[in-house]
Amino acid sequence: MDLKLAQKSLNFLKADVAGAMPDYELRNPQLDMMEACSTAITAIEEGDVLMAEAGTGTGKTFAYLIPLILSGKKGIISTKTLNLQEQLISKDLRFLSDLKEFDYAIAKGRGNYLCLRRLNAFRVSNDEEASEYRRLTIWASETEKGDVEDYPDRSFLWERVSSDPDACKGKKCSYYNQCFYFKARQRCGRVQVVVANHALISINAMLSDDSKILPKAEVLIIDEGHALDSALSEQIGINLSKRGFENILNKLLRLDERGNYKGLLSKSHHLFQIVESLRTEMELFWDMVKKELEHRKTIKGTFALANFSSALSSSIRSLIEDIRTSTMGLFKEDEELELKASVTKLKHFADGLEIFLEDMDGFVRWPEIEEKRIALRMSPIYPKDFIRENIVPEYNSIIVTSATLSVSGDFGFTEKILGLEASAKLSVPSPFDLRNQIAMEIKKGINLVNGEGIGKLAGVIIDEASKKDGGVLVLFTSKEVMGKIWALTSDKLTELGLNPMVQGELPNKAMLKAMRESENSVIFGLNSFWEGVDIKGDSLKCLIITKLPFEVPTEPIVKARTEEIEKGGGNPFYEYSLPKAILKFKQGTGRLIRSKTDTGRVIICDERIKTNAYGKRFLESVLQDKKGV
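Remember, my numbering sits 1268 above the position in the sequence shown when you count from 1.
This is the structure we're talking about:
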């Protein structure tokens, strides 16, 4: 244990932080975590891992930030989303930097930044593009960061003017010294604390040293560590979408509203037929994917699809070769760079198709068919090998923290999923008096498989919302069920003078802002509302959990994981499905009590929590010794 750093951190907390926050109270759980983080940050051996679970209200952010800052070591903090990154930057780090001098910066993927070369080389092809281009050029002259987050609306031209590694000249670019992306990257190299996100951590680990987005650092702190598994599974592997391929072809060649060819190959008349033929072949390929796989969840390999994929890959490579041999000297430098970028993306697509058809151990393949999206996906069953081989060796110290890392005090499930063997583990409880702040009720007889259950649930929501005059968050596990309940309740809730909102009709940010600013809101939310919602006071008085959050067993990664456990002679329900659901349940119920003065009700509309033997494990995960449920 580094008593020196731990003591310095404690002194800073007592004197500086407490002095700047009159209502601050020392909390033993926070002090325990800060001590553990001090020890982890001063670790000598490469890859030392601390797993620190901290209940709601612990103050875990300060518990890891203060020792990191006082240690003087360079650290990267990774969290789940861009919104949480911005929160760390604008709130916690800004506050601490007023008390102790240190530098910090946010790190984002390069697609978030405007590319001045691409913007100035862009050629409009219609009035709509001309209007948007004028807005972008005005903004480019005014913005300091060139970050899409600061642009008033998401531009439909953004993908064509944003920073792209395949269309980047690096230091040879005449705009290099003004480049928003490289300035942001250089700043990350200079500062002590860099705030990244899980997706960026995984992308960075796949890049060569000279292409890395993130700087070298001694300490990696993974906040919202429970979300690392899903974030990495999303990033690692293959994602081949129909729309992505269409975008590449449209950039090469497309017809405008007057029937004229536009695009990078509009000067290459001899390539028109080849591109259009590939476009037709691509449409036939995706039709076959739909036809063969609409009723499957995973792909075991079909002869027809394999043949078609192989043929499509060959056609793509033929087009690439034709472009390379027949466009020499036809283009200006900027156009040639854009063409090379498109060719690189075509090659990635062809490579992806070929890899997708390989039967690789440890990976699962599946079609993703939704309303407006069709794609082929391939992902590791677990990201643990990737974490062990590509992330752990990069840092001396790694801290994984979250409010939900253990099940009944056991970190084994999280360690197994992430492939991390923790050198130290700590679980500190919430300092709140949850037994007295939460009233919990279990509703019986609600079976969401049938219409009667849907009607009963709708009645519960209307009843609870009217009793509380709003301030209700309803958590769903199914988009279909949420839609049915919304149809049955939204008009009635409005008639009662409440403000009902459903995920998908408004941005999540706007819904949460509306709930914070009034006490009569009722939010219907799916996965993203089970975590990250932080609303104090009477704006959130009641949490309704419509169903225990078990993952859908037929989902490709879930199915692959359960099959792997079965092959090893294990029990997939108790070894995977149940602990995963308990952690999600802990996240969901943690939305309600965000301060020591908050009170509220948790309504659970799934009686399995009472009738099944495993139900008590859900309840114990939230409220030890809670009576009257």
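Virtual Cβ for every residue (Gly too), placed ideally from N, Cα, C. These numbers come from a predicted model, not from an experiment.
Do GLY1531 and ARG1522 have their C-beta atoms closer together than 8 angstroms?
Position 263 of the sequence shown, counted from the start, is the residue given in the question as residue 1531. Position 254 of the sequence shown, counted from the start, is the residue given in the question as residue 1522. Yes, Cβ-Cβ distance for GLY1531 and ARG1522 is below 8 angstroms.
Assuming GLY1856 contacts THR1669 (C-beta within less than 8 angstroms), just tell me the rounded distance between them.
The residue given as residue 1856 occupies position 588 in the sequence shown. The residue given as residue 1669 occupies position 401 in the sequence shown. With a Cβ gap of about 19 angstroms, GLY1856 and THR1669 do not count as contacting.
Hey, is the region 1612-1624 in contact with the region 1576-1584, meaning 3+ C-beta pairs nearer than 8 angstroms?
yes
Rank GLN1705, ALA1726, ILE1706 by C-alpha distance to the C-alpha of ASN1715 and give the top, closest one.
For this step, residue 1715 is matched to residue 447 along the sequence shown. The candidate whose alpha carbon is nearest that of ASN1715 is ALA1726.
Taking the C-alpha atoms as reference points, what is the distance between GLU1410 and GLU1773?
Taking the first residue of the sequence shown as position 1, residue 1410 is located at position 142. Taking the first residue of the sequence shown as position 1, residue 1773 is located at position 505. Each residue's Cα considered, the two are about 32 angstroms apart.
Quick check on GLN1503: buried or exposed, where buried means 16 or more other Cβ atoms within 10 Å of its Cβ?
For this step, residue 1503 is matched to residue 235 along the sequence shown. By the 10 Å Cβ count, GLN1503 comes out buried.
Taking LEU1887 as the reference, give the member of ALA1707, SER1734, ASN1380, ALA1755 with the closest Cα.
Locating residue 1887 in the sequence shown gives position 619, where the first residue counts as 1. Of the candidates ALA1707, SER1734, ASN1380, ALA1755, the one whose C-alpha sits nearest the C-alpha of LEU1887 is ALA1707.
Check whether the region 1337-1344 and the region 1481-1489 are in contact - that is, three or more C-beta pairs closer than 8 angstroms.
yes
Please name the residue, chosen from ASN1795, PRO1817, GLY1713, LEU1605, that lies closest to CYS1441 on a Cα-to-Cα basis.
Numbered from its first residue, the sequence shown carries residue 1441 at position 173. Nearest of ASN1795, PRO1817, GLY1713, LEU1605 to CYS1441, Cα basis: LEU1605.
For LEU1508, does the three-state DSSP call read helix, strand or coil?
To locate residue 1508, count along the sequence shown from 1; it is residue 240. Looking at LEU1508 - three-state DSSP - the assignment turns out to be strand.
Beta strand (DSSP E) segments (min. 3 residues) lying fully within the region 1446-1531:
Counting whole runs of 3 or more residues, the region 1446-1531 contains the beta strand (DSSP E) stretches 1461-1465, 1487-1490, 1506-1509.
Write down the C-beta distance between VAL1740 and VAL1790 rounded to the nearest angstrom, noting that I regard them as a contact closer than 8 angstroms.
By one-based count along the sequence shown, residue 1740 stands at place 472. By one-based count along the sequence shown, residue 1790 stands at place 522. Right, the Cβ-Cβ distance comes to about 5 angstroms (below 8 angstroms), so this counts as a contact.
List the DSSP bridge partners of THR1669.
Numbered from 1 along the sequence shown, position 401 holds the residue referred to as residue 1669. THR1669 pairs with ALA1320.
Ends of the beta strand (DSSP E) at ARG1869?
One-based indexing of the sequence shown puts residue 1869 at position 601. Counting along the chain, the beta strand (DSSP E) containing ARG1869 begins and ends at 1868-1872.
Could you give the residue range of the beta strand (DSSP E) that holds LEU1811?
Taking the first residue of the sequence shown as 1, we reach residue 1811 at position 543. Where LEU1811 is concerned, the enclosing beta strand (DSSP E) stretches over 1810-1813.
In the DSSP assignment, find the unbroken alpha helix (DSSP H) run with ARG1784 in it and report its ends.
Taking the first residue of the sequence shown as 1, we reach residue 1784 at position 516. Where ARG1784 is concerned, the enclosing alpha helix (DSSP H) stretches over 1776-1785.
Do you know how far the Cα of LEU1500 is from the Cα of PRO1420?
In the sequence shown, the residue the question calls residue 1420 occupies position 152. In the sequence shown, the residue the question calls residue 1500 occupies position 232. Roughly 30 angstroms between the two C-alpha positions.
Considering only DSSP beta bridges, list what GLN1771 is partnered with.
Sequence index remark: in the sequence shown, residue 1771 carries index 503 (1-based). Bridge partners of GLN1771: LEU1774.
What three-state label does DSSP hand ILE1345 in the structure shown?
Translated into the one-based positions of the sequence shown, residue 1345 becomes position 77. Correct three-state label for ILE1345: strand.
Closest to LYS1519 by CA distance: which of ILE1813, GLY1868, LEU1766, GLU1427 is it?
Working through the sequence shown from its first residue, we reach residue 1519 at position 251. Out of ILE1813, GLY1868, LEU1766, GLU1427, GLU1427 has the C-alpha closest to the C-alpha of LYS1519.
From this set, VAL1392, THR1329, ARG1453, which residue's C-alpha is nearest ASN1380's C-alpha?
In the sequence shown, counting from the first residue as 1, residue 1380 sits at position 112. Nearest of VAL1392, THR1329, ARG1453 to ASN1380, Cα basis: ARG1453.
Label GLN1353 either buried or exposed according to how many other C-beta atoms from any shown protein chain fall within 10 Å of its C-beta, with 16 as the threshold for buried.
Numbered from its first residue, the sequence shown carries residue 1353 at position 85. Label assigned to GLN1353: buried.
TYR1372, enclosing beta strand (DSSP E) - first and last residue:
For this step, residue 1372 is matched to residue 104 along the sequence shown. First-last of the beta strand (DSSP E) with TYR1372: 1372-1374.
DSSP three-state label for SER1430, please.
The sequence position of residue 1430 within the sequence shown is 162, counting from 1. SER1430: strand per DSSP, three-state reduction.
Throw me the rounded Cβ distance for the GLU1689 and VAL1317 pair, which I believe falls under 8 angstroms.
If you number the sequence shown from 1, residue 1689 lands on position 421. If you number the sequence shown from 1, residue 1317 lands on position 49. The pair is a contact, with the Cβ atoms about 7 angstroms apart (cut-off 8 angstroms).
Backbone secondary structure at GLU1709 - three-state DSSP
Here the question's residue 1709 lines up with position 441 in the sequence shown. GLU1709: strand per DSSP, three-state reduction.
Kindly identify the DSSP beta-bridge partner or partners of SER1647.
Counting from 1 along the sequence shown, the entry for residue 1647 is found at position 379. DSSP lists VAL1632 as partners of SER1647.
Determine the closest residue to THR1324 out of LYS1652, GLN1298, ARG1422, with distance taken between C-alpha atoms.
Translated into the one-based positions of the sequence shown, residue 1324 becomes position 56. Cα-wise, what sits closest to THR1324 is GLN1298.
From the DSSP output, in three-state form, read off SER1746 for me.
The residue labelled residue 1746 in the question sits at position 478 within the sequence shown. Coil at SER1746, not helix or strand.
SER1365: first and last residue of the uninterrupted alpha helix (DSSP H) it sits in
Residue numbering aside, residue 1365 sits at position 97 when the sequence shown is read from its first letter. Its alpha helix (DSSP H) spans residues 1362-1367.
Residues sharing a beta bridge with PHE1280, DSSP:
Looking up residue 1280 in the sequence shown gives position 12. Per DSSP, none; premise fails for PHE1280.
Whole-angstrom distance between PHE1280 and ASP1395, CA atom to CA atom
Here the question's residue 1395 lines up with position 127 in the sequence shown. Here the question's residue 1280 lines up with position 12 in the sequence shown. Cα to Cα, the separation comes out at about 59 angstroms.
Taking only three categories from DSSP, how would you classify LYS1535?
Numbered from its first residue, the sequence shown carries residue 1535 at position 267. Of the three classes helix, strand and coil, the one that applies to LYS1535 here is coil, per DSSP.
Exposure label - HIS1537; buried when at least 16 CB within 10 Å:
Taking the sequence shown and counting its residues from 1, the one referred to as residue 1537 is at position 269. So HIS1537 counts as exposed.
Hey, out of ALA1304, LEU1294, PRO1433, TYR1650, whose CA is closest to SER1476's CA?
As a working note, residue 1476 is residue 208 in the sequence shown. Considering only alpha carbons, the answer is PRO1433.
Does the region 1350-1366 come within contact of the region 1460-1469, defined as at least 3 CB pairs closer than 8 angstroms?
yes
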